[in-house]
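>
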Amino acid sequence: MYIFLDYDGTLTKTEENQYTMYFFKKFFEYHNIDFNKNIKLMLHTLEYVIKNDDITISNYDKYLNKLGEDSDKSREYWEEQFNIYYNEGYDEIKTIINPNEELIELLKKNKNNKLIFASNPLIPEICVHKRINFINMKKEDYIYISTMENSTSTKPNPHYFKNILRVLNAQADECVMIGDSDNDRACTKVGIDFIHVDETEKWKELLKDN
C-alpha cells in the first residue's frame with residue numbers, strides 16, 4: 001500500500017498557517033527585514049503559486065520569479081536571502097513543531113507500507129528534509145518526497161496527485177491519503193482514498209493490517 005502523508009496538521013499537530021507565519025516572522029527577523037511591509041508580498045506569492053496551473057515550471061521557480069517581479073528586489077536577491085536562512089537559521093523552526101507521535105510510531109513500526117511525503121510543495125527540499133527530521137523521521141523513510149523543486153503544481157490540483165502516481169508507476173486504488181484538509185481530500189478526484197487524520201481508528205486499522 002502507498003500511504004500519502006500530509007505534514008502540517010497530520011504528521012504534526014502544528015497547523016499550516018501557524019507554521020507559515022512563524023517561518024516568515026523568523027526569516028524577516030534573521031535578515032532584519034520589515035515584517036509588516038513584506039508579509040503581504042510573501043503570502044500573495046504563495047497564493048500565486050497555488051493558483052498557477054503551468055506544469056512546465058517548478059513551484060520553486062514560480063515563487064522566486066514572482067517575488068522578483070512584484071518587489072523592488074531581484075529573484076537572485078530573494079533566493080540568496082532564503083538560502084542563507086535555510087542553512088543558518090531554519091533549525092529554530094523546530095520549536096513550534098508538535099509531532100503526532102501516535103501516527104508516526106505506527107508508520108515506523110509497519111515496514112510493509114510505502115510512504116509518500118505529500119505535504120503541499122511550497123517548501124524547498126533543504127527545509128522539507130529538516131521538517132522530516134523535526135518529527136524524528138528520516139528522508140529514507142519515504143519512497144517519494146514532494147518539494148518545491150520537483151513539483152509543478154500544488155494541492156488541491158488533481159495534477160499534483162496524478163504526477164506522483166506517474167512517477168511511482170502506481171495505481172490510485174493502491175493508495176491512501178492521510179490528511180487534515182480539503183486540499184488533501186482532493187486526492188479522491190483521481191481515485192485515491194482519503195482518511196482524515198481525526199479518523200484515528202481508520203488509520204490505525206489501515207496501518208495495522210498492511
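Position 48, counted from 1, in the sequence shown is what our numbering calls 48; the numbers after and before it change by one each time, with no gaps.
For each residue, glycine too, the CB sits at the ideal point set by N, CA and C.
In the DSSP assignment, what residue or residues form a beta bridge with Ile195?
DSSP links Ile195 through a beta bridge to Ile178.
> Would you identify the three-state DSSP class for Thr147, choosing helix, strand or coil?
coil
> In terms of residues, what are the limits of the alpha helix (DSSP H) holding Leu122?
Where Leu122 is concerned, there is no enclosing alpha helix (DSSP H), given that its DSSP letter is neither H nor E.
> Kindly identify the DSSP beta-bridge partner or partners of Leu43.
DSSP lists no partner for Leu43.
> Quick one: residues in its chain with C-beta nearer than 8 angstroms to the C-beta of Tyr22, no 5 flanking neighbours on either side, listed in chain order?
Ile93 and Ile96
> Do three or more CB pairs link the stretch 169 to 177 to the stretch 67 to 87 at distances below 8 angstroms?
no
> Mapping the DSSP letters down to three states, classify Lys114 as helix, strand or coil.
strand
> Name the one or two DSSP bridge partners that Phe4 has.
Ile116 and Met177
> Can you check which of these residues, Met148, Phe82 and Asn113, is closest to Asn120 by C-alpha distance?
Met148
> To the nearest angstrom, how far is it from the Cα of Thr152 to the Cα of Leu206?
30 angstroms
> In or out: Val197 buried (at least 16 other Cβ within 10 Å) or exposed?
buried
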